[in-house]
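Protein chains in written order, with the numbering used here: chain A, 84 to 299; chain B, 84 to 299. Every residue, glycine too, gets a C-beta built ideally from N, C-alpha and C.
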DNA sequence: GTTTGTGAACCGTTTCACAGCA
DNA sequence: TGCTGTGAAACGGTTCACAAAC
């Protein structure tokens, strides 16, 4: 059973990036990679890569490197994408429709199995081949379809109440696209994807870059 | 001239969140906030809030707190959203169209002024009221329209070449929605928004949450 | 020669704790 | 009493450096 030790957040983020590089190498039938190459792809130091892989308990071979397929599988196991995750999307606006149409998710182990909206006028329409359902169907669908993840793509003012509904329905995690910090029970994990914060980070970095010479 | 001291990345992220709360309070005509309240909204400790505001050189009043409008303005100044930013969007697929349609950007100081696509079949179509332009028009448009930010919403395989084109055209920063690490000149800032990494982070947190009791 | 695994030093950020001001 | 500002301590993650394995 994996998940022995706690994995630091920065390490998790890098594991995602290593996995992308490994999958690229898999298509090229490369048998091994060095920590240096993985580090270059992920923008991390090579010692960092070795530390990260040590944390998840994966060993390489001195002088050779790491086995591409074995390491890829090990990372998938640790992250948990070796199994398929089923998600319910709430919000059929711009962001919601784009997510529903994003076919790539499926290959990556995620599947949106139902779409909901609070707006009665939107309920009944078709989004990416799925009928938009009313919020009253949420709890039933989550149970029936074994939904583990809720995706929030509604305006900020209704984000919290949607989160409450998802938690009540029994999801294990929430991916939140609304620019609002959610308050949820401890047993539920949340991750925010916030365009606005990303843009603000970018703009501030631009300003700082102009002020002082960049490093690296 | 603002931007005296360097602002740590984690602080930048929290400043975004403080600003959201401040804007909410502004609509309610609240005159002051305590570090405790800002911290609660942003999920940070109160001492952390005071440290952050100290870093940007903003002082509160002991026993009272911080002035809502003054602090909001100070944060906007530091981040750089007190002025309007003009952006060029590359990629008119699902993600690109959703971004183009995302009206909220405008209120937040960002404006997409042009849309480009590499695919000849897409060029000429209309997206959010804008005609999709060919990549050959990129450099000219960036100069003519004073575009500071490029937004990449293309498949991963073409992300790097789009980045190169944006850098050559003279943008100062790139917001990257493609799941690929970009390599750009030092003078250009980049920020990644990666759905897949976000989902993987979520899934791993779900696993860890099941394994051990959560804190907080 | 190449590349791993890891203790030790290092560094930046967070938390603590408390003096000082309203 | 309520709340800020800030040194000092604690923490967690990163980088260094090198012995060991191939």
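Same chain only: Cβ atoms within 8 Å of residue i, ignoring 5 sequence neighbours per side
i                      : result
residue 299 of chain B : In this prediction, residue 299 of chain B has a pLDDT of 35, which is less than 50 and means its spatial position is unreliable; what the coordinates show is noted afterwards. Same-chain partners within the cutoff: there are none.
residue 128 of chain A : 122
residue 98 of chain B  : 90, 135, 139, 158, 161, 162
residue 222 of chain B : 248, 251, 252, 253
residue 178 of chain B : 236, 260
residue 116 of chain B : 104, 105, 108, 148, 149, 151, 154
Chain A within 8 Å of residue i, Cβ atoms only
i                      : result
residue 101 of chain B : no
residue 162 of chain B : yes
residue 200 of chain B : no
residue 191 of chain B : yes
residue 185 of chain B : yes
residue 155 of chain B : no
residue 279 of chain B : yes
residue 169 of chain B : no
residue 89 of chain B  : yes
residue 276 of chain B : yes
residue 139 of chain B : no
residue 195 of chain B : no
residue 235 of chain B : no
residue 93 of chain B  : no
residue 232 of chain B : yes
Nonlocal neighbours in the same chain, by C-beta distance under 7 Å from residue i, ignoring five residues either side
i                      : result
residue 124 of chain B : 100, 104
residue 206 of chain B : 200, 215, 216, 217
residue 241 of chain A : 201
residue 293 of chain A : none
residue 246 of chain A : 235, 257, 265, 267
Minimum Cβ-Cβ distance from residue i to chain B less than 8 Å
i                      : result
residue 128 of chain A : no
residue 96 of chain A  : yes
residue 180 of chain A : yes
Contacting residues, own chain, Cβ-Cβ under 6 Å from residue i (five flanking each side not counted)
i                      : result
residue 86 of chain A  : The predicted model places residue 86 of chain A with a pLDDT of 45, which falls under 50 and marks its position as unreliable; any figure quoted below should be read in that light. Around residue 86 of chain A: no qualifying Cβ.
residue 166 of chain A : none
residue 208 of chain A : 215
residue 233 of chain B : 171, 249, 254, 257
residue 133 of chain B : 118
residue 88 of chain A  : none
residue 139 of chain B : 161
residue 175 of chain B : 198, 200, 205, 210, 215
The stretch 152-160 of chain A in contact with the stretch 173-187 of chain A per 3-pair CB rule at 8 Å: No contact exists between the stretch 152-160 of chain A and the stretch 173-187 of chain A.
Members of the stretch 281-296 of chain B near chain A, C-beta cut-off 7 Å: Result list: 281, 282, 283, 284, 285, 286, 287, 288, 289, 290, 291, 292, 294.
Length-filtered (3 minimum) beta strand (DSSP E) runs lying within the stretch 128-200 of chain A: For the stretch 128-200 of chain A, whole beta strand (DSSP E) runs of length 3 or above, ordered along the chain, are 168-173, 193-200.
Cβ pair count under 8 Å reaching 3, the stretch 255-262 of chain A against the stretch 275-284 of chain A: The stretch 255-262 of chain A is in contact with the stretch 275-284 of chain A.
Where the stretch 242-272 of chain B meets chain A: residues whose CB sits under 7 Å from a CB there: Residues of the stretch 242-272 of chain B with a C-beta atom less than 7 Å from some C-beta of chain A are 255, 256, 258, 262, 264, 269, 270, 272, listed in chain order.
In chain order, each beta strand (DSSP E) run of at least 3 residues that lies wholly inside the stretch 265-299 of chain B: Fully enclosed beta strand (DSSP E) runs of 3 or longer: 272-275.
Inter-stretch contact (C-beta, 8 Å, three-pair minimum) for the stretch 246-254 of chain B and the stretch 187-197 of chain A: Short answer: they don't touch.
The stretch 104-129 of chain A: positions lying closer than 7 Å to chain B by Cβ: Only those residues of the stretch 104-129 of chain A whose C-beta falls short of 7 Å from the nearest C-beta of chain B are listed: 124, 125, 126.
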